[in-house]
Amino acid sequence: MDNSTHPQFEERPWGSFTVLTEGEGFKSKIIQVKPEGQLSLQSHKHRAEHWVVARGTATVTLGEEKFDLEAGQSIDIPKGAIHRIENFSDAPVDIIEVQYGSYLGEDDIVRYEDIYGR
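If you want the numbering used here, it's the position in the sequence shown, counting the first as 1, plus 1.
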């Protein structure tokens, strides 16, 4: 495990994430989406993701579909799929994310929509 090249905790306009661990071809995080926060509508060229909702209700966009996932529910995000997490509640949503692929850098992102202007 080598976390030396990645900050353990990063704030974003929509909330924050904490890198738990990473190794060859994988990385795990806790993502916290603040109330009324949403990640950009995005895709990744080099990685797939698996999300497990740990607390709250997350609205997940995957392609043309939307899902409301409760604590304990999960979803797979295939490499290249357009996706987003939104929190329409008044309480934070916590998601455990496992990324896997050939490249796991934060710059492996293609944004399609972003309310924060990134």
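Where is the CB? At the ideal position from N, CA and C, for every residue including glycine.
The structure presented is a predicted model; accordingly, all values stated were derived computationally and were not measured.
With H, G and I counted as helix, E and B as strand and the rest as coil, what does DSSP make of Asp95? strand
Flag this pair as yes or no: are the beta carbons of Thr60 and Lys67 separated by less than 8 Å? yes
Close beta carbons around Ser90, own chain, < 7 Å, minus the five adjacent residues each side: Pro36, Gly57 and Thr58
Please report the residue range of the beta strand (DSSP E) in which Glu11 lies. Phe10 to Arg13
Assign Phe27 to one of two classes, buried (16 or more other C-beta atoms within 10 Å of its C-beta) or exposed (fewer than that). exposed
Burial state of Gly38, where buried means 16 or more other Cβ atoms lie within 10 Å: buried
Could you tell me how far apart the beta carbons of Ile97 and Val53 are, in whole angstroms, since I believe they sit closer than 8 Å? 5 Å
Can you name the start and end residues of the beta strand (DSSP E) that Ile32 belongs to? Phe27 to Val34 is the span of the beta strand (DSSP E), which, as asked, contains Ile32.
Report the rounded CA-to-CA distance for Gly16 versus Ala55, giving the unit in angstroms. Approximately 15 Å between the Cα atoms of the pair.
Distance, Cα to Cα, Leu42 vs Glu114? 5 Å
Closest by C-alpha distance to Ile78, when choosing among Pro14, Asp95, Gly64 and Glu87: Gly64
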